[in-house]
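Asks: Below is a structure I'd like to ask you about.
Number of protein chains: 2
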Amino acid sequence: VGPEALSLWESKSTFTSFGVFFLQMGWGDLGAFGEPSKETPNLDQMASEGMLFLDFYTANPLCSPSRAALLTGRLPVRNGFYTTNAHARNAYTPQDIVGGIPDSELLLPELLKKAGYINKIIGKWHLGHRPQFHPLKHGFDEWFGSPNCHFGPFDNRALPNIPVYRDWEMIGRYYEDFKIDLKTGEANLTQIYLQEALDFISRQQTSQQPFFLYWAIDATHAPVYASKYFLGTSQRGLYGDAVREIDDSIGKILQHLQKLGISENTFVFFTSDNGAALISAPKQGGSNGRFLCGKQTTFEGGMREPAIAWWPGHIPAGAVSHQLGNVMDLFTTSLSLAGLQPPSDRQIDGIDLLPAILQGKLIDRPIFYYRGNEMMAVRVGLYKAHYWTWSNSWEEYSKGIDFCPGQNVSGVTTHTQEEHTTLPLLFHLGRDPGEKYPLSFASDEYQRAMERISVVVQQHKVTMVPGEPQLNVCDKAVMNWSPPGCEKLGKCLKPPKSDPKKCFWPH
Amino acid sequence: VGPEALSLWESKSTFTSFGVFFLQMGWGDLGAFGEPSKETPNLDQMASEGMLFLDFYTANPLCSPSRAALLTGRLPVRNGFYTTNAHARNAYTPQDIVGGIPDSELLLPELLKKAGYINKIIGKWHLGHRPQFHPLKHGFDEWFGSPNCHFGPFDNRALPNIPVYRDWEMIGRYYEDFKIDLKTGEANLTQIYLQEALDFISRQQTSQQPFFLYWAIDATHAPVYASKYFLGTSQRGLYGDAVREIDDSIGKILQHLQKLGISENTFVFFTSDNGAALISAPKQGGSNGRFLCGKQTTFEGGMREPAIAWWPGHIPAGAVSHQLGNVMDLFTTSLSLAGLQPPSDRQIDGIDLLPAILQGKLIDRPIFYYRGNEMMAVRVGLYKAHYWTWSNSWEEYSKGIDFCPGQNVSGVTTHTQEEHTTLPLLFHLGRDPGEKYPLSFASDEYQRAMERISVVVQQHKVTMVPGEPQLNVCDKAVMNWSPPGCEKLGKCLKPPKSDPKKCFWPH
């Protein structure tokens, strides 16, 4: 914490609560970020009342590792949310995953709890669904949502439907007790998740307790859904309808904070866990604007995210920041605001953004782009150096899986893993945000930039101690057959015999 | 004029002046339209005080025809700004062009003059440089700028340098009297053009005369330039520096109107004559955001333009319009505001946008995308049907001329002219603004949309009477050898013998 921020904190006689909206939306999905149908009036207003981050990143181009990174302040390669089954592969937590968030990791809510915070997660947890990984064992006091994505419907024989939990126990399953109509795209879930948020905030306001609300819903994740009122209301089809409903919900949550008179005590951040999934576009996927490719890749479209900080009375309205930010910074920044120190016994990758947010400072720090166990690229200032390039394999591409539809940058969006470690591909993201024009290796500019970048990369690699990989082993026996609470509901299913195998990660 | 707009006009006891900023900038070059470095604070503020048009088009993917269309309210194929030398070719007015704006065309300043307006053009005229095409012969009272693009420097033997005019006579030439340093990108021109605008506005305010100021400068057209103060100040390199200087100038002009107390009497519009020239990117070209391809093409990147209407006290601040608009509408809208009728003896393609601007109405109208003599595509509502697709020829492409760098949509960004007149390629621009996913020909949606579009196209084609093409003949003898005023300056050059030929238009 800088001295000004600290004094600001100390001068306040009351607590600061935190709200984090963490969704799958692309950089180009918000009006404030150039979406041409401008269907996010509430998010746009949030931006005009707060600070727009234009150079903000997620920690991974896939959801589970990004969520683990946000809550631990650490790169997935440190906190275990990666695989070593194959080189540079994205991995996550499908319901046959054996691993999850290790007990040794310290999560933001665990730390905030010690300072008297009450913590709630609404939506997709995604850090493991076996008992030891339950969010209430990792610092959250309340949970309403699911451990995994809302894929389905399943037949409950080969695959169980995903459970929805309230706190310790499941209260039903997707497609059974929580309807999602894949044909019409109708589901009432965002409304339910909105109401959970409003109720939680009201309760904390009554108890005068500081809170951390982590609203991590997945309406914009395929299969995309929206409630009846929003269906057919956007220019963009079902995906736009879902965005409109999320936007509306966020507007209602911010208004609720204002109505309760606690908006000036609540630091709110909106961002995304990965870039828009272009494989699902145009009907089920969003947009990364002018950036290259999407989810699953380490190009800008996979990891550069829309981001807005909102804290009326503290953050100047309409501010714009070019601070290089990362979801891991929310860990460190929240601790800083709560007057807590980050753990000193481990490497924390997140930085305290308060000097950038409150004083408009620019902190020099790199952004690392990982795919599984490999550092694919690094950004330093406006330069981005690719040490490895890969979109996906020819085999997957030939099946129609395309992470870069309509885009093709020769030698960059490659379908084999291309190593450039001796001579990285270098882009200037100011002149060339779309990563189309690699700088000439022979240019002075290349030499100068790489001298600076090489030092950063070398230091990063020398000090890197990877965590135990959690996403290597899959077993159908660990799926959501019999979650806690299933007995009461008569919804326990019989698991098959345990048969642990190496998970197969094609990308 | 709708009754409300009319009464609004009549209730004002004073005149409405017009300012039109007409520049070459892409949809994605403004912060308000999603440019990631957000370097256009003044244009963004103009948008937040006025109305953002998100579905606004130019009349042609090239500068001369678009400029002719803005000033005549008519498609280039009607006003003569096209070629029949080859099928579907872009043409403009290089200095060996023989043609120009026909006397039979009625230009906006000619009409406004009758209502007592004083009209000034600052910047690039581009409607022909031979004496009969002079802007002061077509309704303008004042001119400061050049007849052609600022290409050069030339040797004054094979090619003369482009003259800069003040009113009837040249006062010097680019690179000689008006410096442009191609090495550093430094030129003071935007500052000179800014001062011209401020002086003109001050004079009209003194004389209480209504005015039309057409500020059509070309700092963002290759070779891109900026003045010393702006060089090196943007994240985007020289192009961004030029944008920043234009943005700063527009801010100063708007402030000047406010300072003089005439902003509520002045209707100001900002837009662009074609999409960003991606062939010049990244150092000399802008960005079309998520849209496909750029200048020279009839994809969205070639013709969809940033557009802002500003009229404090009349246009609600922060308004956003999805009205399909076109630069030709500025002709009709300006006449409407001046209480004038558009000419009734000819087809006018521009519509009166006042109901959209003042009452938030949506007027159903198509957008036609022409390349030379061919209607390549049409937009009706959110649907766009391509009747012909072409980026550029294999021959040009193999020389490195790429209008769609890093983009490749199979069967769409073709390098041969592909005819789809019997079964047009159809895109839904809401779900798919990037024109990547043609609708299935067999779908109900395709059938329904094409039924509607076919009627529009048939009516357009049946009633189309093309004008005499002006851009067919080139002759080195007509170049800017001896513009009026050259004697006084000792800058007359000897023209070669007349040798008229068909112009060659490669694209």
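If you're matching them up, the sequences are chains A and B in order. According to my numbering, the stretch in the first sequence is residues 1 to 507, in order. According to my numbering, the stretch in the second sequence is residues 508 to 1014, in order. Every residue gets a Cβ at the ideal spot worked out from N, C-alpha and C, and that includes glycine. Source: prediction; values computed, not measured.
With distances taken Cα to Cα, identify the nearest neighbour of residue 713 of chain B among B:996, B:764, B:795, B:592.
Replies: Comparing Cα positions, the closest option is B:764.
Asks: Interface residues of chain B around residue 408 of chain A at Cβ under 8 Å?
Replies: 913, 914, 915
Asks: Going along chain B, which residues have a C-beta under 9 Å from residue 38 of chain A?
Replies: 559, 561, 827, 829
Asks: Assuming contact is defined by CB atoms lying nearer than 8 Å, are residue 68 of chain A and residue 127 of chain A in contact in what I supplied?
Replies: Judged by beta-carbon spacing, residue 127 of chain A lies within the 8 Å limit of residue 68 of chain A, meaning their Cβ atoms are closer than that value.
Asks: Below 7 Å CB to CB, which residues in the same chain sit around residue 4 of chain A once its five sequence neighbours on both sides are set aside?
Replies: Annotation note: pLDDT 39 at residue 4 of chain A (below 50); position unreliable, no value reported.
Asks: From A:311, A:361, A:164, A:202, pick the residue whose C-alpha is nearest to that of residue 323 of chain A; which is it?
Replies: A:361
Asks: Is DSSP giving residue 993 of chain B helix, strand or coil here?
Replies: helix
Asks: Would you call the segment 311-327 of chain A and the segment 445-461 of chain A touching, i.e. three or more CB-CB distances under 8 Å?
Replies: Verdict: no, contact absent.
Asks: Starting from residue 256 of chain A, trace the alpha helix (DSSP H) both ways and give me its first and last residue.
Replies: Looking at the DSSP string, the run of the alpha helix (DSSP H) that includes residue 256 of chain A is 238-259.
Asks: Which of helix, strand or coil does DSSP assign to residue 951 of chain B?
Replies: Residue 951 of chain B falls in the helix class under three-state DSSP.
Asks: Using alpha carbons as the reference points, say which of B:791, B:719, B:561, B:526 lies closest to residue 725 of chain B.
Replies: B:791
Asks: Can you give me the C-alpha to C-alpha distance between residue 277 of chain A and residue 777 of chain B, rounded to a whole angstrom?
Replies: 34 Å
Asks: Assuming residue 1004 of chain B is part of the beta strand (DSSP E), what are its boundary residues?
Replies: Where residue 1004 of chain B is concerned, there is no enclosing beta strand (DSSP E), because DSSP gives it neither an H nor an E.
Asks: What number of angstroms, rounded off, separates the C-alpha of residue 415 of chain A from the C-alpha of residue 407 of chain A?
Replies: 13 Å
Asks: Below 8 Å, how does it come out for the segment 648-658 of chain B and the segment 973-981 of chain B: are there three or more Cβ pairs, yes or no?
Replies: no
Asks: State the Cα-Cα distance for the pair residue 673 of chain B and residue 583 of chain B, rounded to the nearest angstrom.
Replies: Residue 673 of chain B and residue 583 of chain B: Cα-Cα distance of roughly 27 Å.
Asks: Check whether the segment 31-43 of chain A and the segment 539-559 of chain B touch, using three or more Cβ-Cβ pairs below 8 Å as the test.
Replies: yes
Asks: What three-state label does DSSP hand residue 208 of chain A in the structure shown?
Replies: coil
Asks: Going by beta carbon distance, what residues of the same chain come within less than 7 Å of residue 453 of chain A, once the five residues before and after it are set aside?
Replies: 378, 380, 383, 385
Asks: In the DSSP assignment, find the unbroken alpha helix (DSSP H) run with residue 396 of chain A in it and report its ends.
Replies: 394-398
Asks: Are the Cβ atoms of residue 767 of chain B and residue 708 of chain B separated by less than 8 Å?
Replies: yes
Asks: Measuring CA to CA, which of A:196, A:73, A:391 is closest to residue 401 of chain A?
Replies: Residue A:391 holds the alpha-carbon nearest to the alpha-carbon of residue 401 of chain A among A:196, A:73, A:391.
Asks: If you drop the 5 nearest sequence neighbours on each side, which residues of the same chain put their C-beta closer than 7 Å to that of residue 870 of chain B?
Replies: 830, 858, 862, 863
Asks: Once the 5 residues before and after residue 387 of chain A are set aside, which same chain residues still bring their CB inside 7 Å of it?
Replies: 375, 376, 377, 420, 421, 424
Asks: Just checking my contact of residue 232 of chain A with residue 241 of chain A at CB under 8 Å: how many whole Å lie between their CB atoms?
Replies: 7 Å
Asks: Would you report the Cα separation of residue 507 of chain A and residue 181 of chain A, rounded to the nearest angstrom?
Replies: 29 Å
Asks: Using a Cβ-Cβ cut-off of less than 7 Å, list which residues of the segment 284-317 of chain A approach chain B; keep chain order.
Replies: 287, 289, 290
Asks: Would you be able to state if there are at least three C-beta pairs under 8 Å between the segment 564-572 of chain B and the segment 983-990 of chain B?
Replies: By the Cβ criterion, the segment 983-990 of chain B is not in contact with the segment 564-572 of chain B, since fewer than three pairs of Cβ atoms, one from each stretch, lie closer than 8 Å.
Asks: Quick one: Cα of residue 837 of chain B to Cα of residue 860 of chain B, how far?
Replies: 8 Å
Asks: Using a C-beta to C-beta distance shorter than 8 Å, which residues of chain B count as neighbours of residue 237 of chain A?
Replies: 935, 937, 938
Asks: Could you check whether residue 692 of chain B and residue 745 of chain B sit closer than 8 Å to each other, using their CB atoms as the reference points?
Replies: yes
Asks: Which partner residues does residue 599 of chain B have in the DSSP bridge list?
Replies: Residue 599 of chain B pairs with nothing; no bridge assigned.
Asks: Determine the direct distance from the alpha carbon of residue 220 of chain A to that of residue 662 of chain B, and round the result to whole angstroms.
Replies: Rounded to whole angstroms, residue 662 of chain B to residue 220 of chain A spans 60 Å at the Cα level.
Asks: So, is residue 347 of chain A buried or exposed, given that buried needs 16 or more other C-beta atoms within 10 angstroms?
Replies: exposed
Asks: Compare the C-beta of residue 588 of chain B against all C-beta atoms of chain A and say whether one is closer than 8 Å.
Replies: no
Asks: Would you decide whether residue 465 of chain A is buried or exposed? Buried here means 16 or more other CB atoms lie within 10 Å of its CB.
Replies: Counting the other CB atoms within 10 Å of its CB gives residue 465 of chain A a total below 16, which places it among the exposed residues.
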